[in-house]
Amino acid sequence: QVQLVESGGGLVQPGGSLRLSCAATTISIRLYAMAWYRQTPGKQREWVAIITKEGSTNYADSTKGRFTISRDNAKNTVYLQMNSLNPDDTAVYYCNAVGGGFEWGQGTQVTVSS
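Sequential numbering of the sequence shown, starting at 1073, is according to the numbering used here.
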């Protein structure tokens, strides 16, 4: 069973930065386009960043220029560097294959507040 384990969330002040990690087990992420998603209570999960197998990236308009997705295939890990955070970025962040093909992990909570 595929397991995706997200980590790195926390409480940060507006304007701050965080780096999220997503470690995958039982699969080799090099075979998949991967994405970061986020969800707030009462809202649908939304994608925030995508990285293809070849390393091309794409970002939601709300995160473009502030977030950077990357992957380390040797470590089987996907990262999300988040800068210039604002309260609207507060959410639980998840990673998954593009389209959400694997079982969702627990996610990691990011709270942006002064």
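Beta carbons are placed, not taken as given, at the ideal position from N, Cα and C, and that holds for glycine.
Computed from a prediction, not measured in an experiment: that's the story for all the values here.
Buried/exposed call for residue i, threshold 16 Cβ in 10 Å
i       : result
Asn1168 : buried
Arg1102 : exposed
Glu1126 : exposed
Glu1078 : buried
Leu1152 : buried
Unbroken beta strand (DSSP E) run spanning residue i, endpoints
i       : result
Thr1129 : Thr1129 to Tyr1131
Tyr1109 : Met1106 to Gln1111
Residues sharing a beta bridge with residue i, DSSP
i       : result
Ile1099 : The partner list for Ile1099 (beta bridge, DSSP) is empty, contrary to what the question assumes.
Ser1146 : It is Ala, not Ser, that sits at residue 1146 in the sequence shown. In DSSP, Ala1146 forms no bridge with anything.
Neighbourhood of residue i by C-beta, 8 angstroms cutoff - its chain only, sequence neighbours within 5 removed
i       : result
Pro1086 : Leu1157, Asn1158, Pro1159, Val1184, Ser1185 and Ser1186
Same chain, Cβ closer than 7 angstroms to residue i, neighbours up to 5 away in sequence not counted
i       : result
Leu1076 : Cys1094, Ala1096, Cys1167, Asn1168, Phe1174 and Gly1177
Beta-carbon contacts of residue i that lie in its chain and below 6 angstroms, excluding the five residues immediately before and after
i       : result
Val1150 : Cys1094, Met1106, Arg1143 and Cys1167
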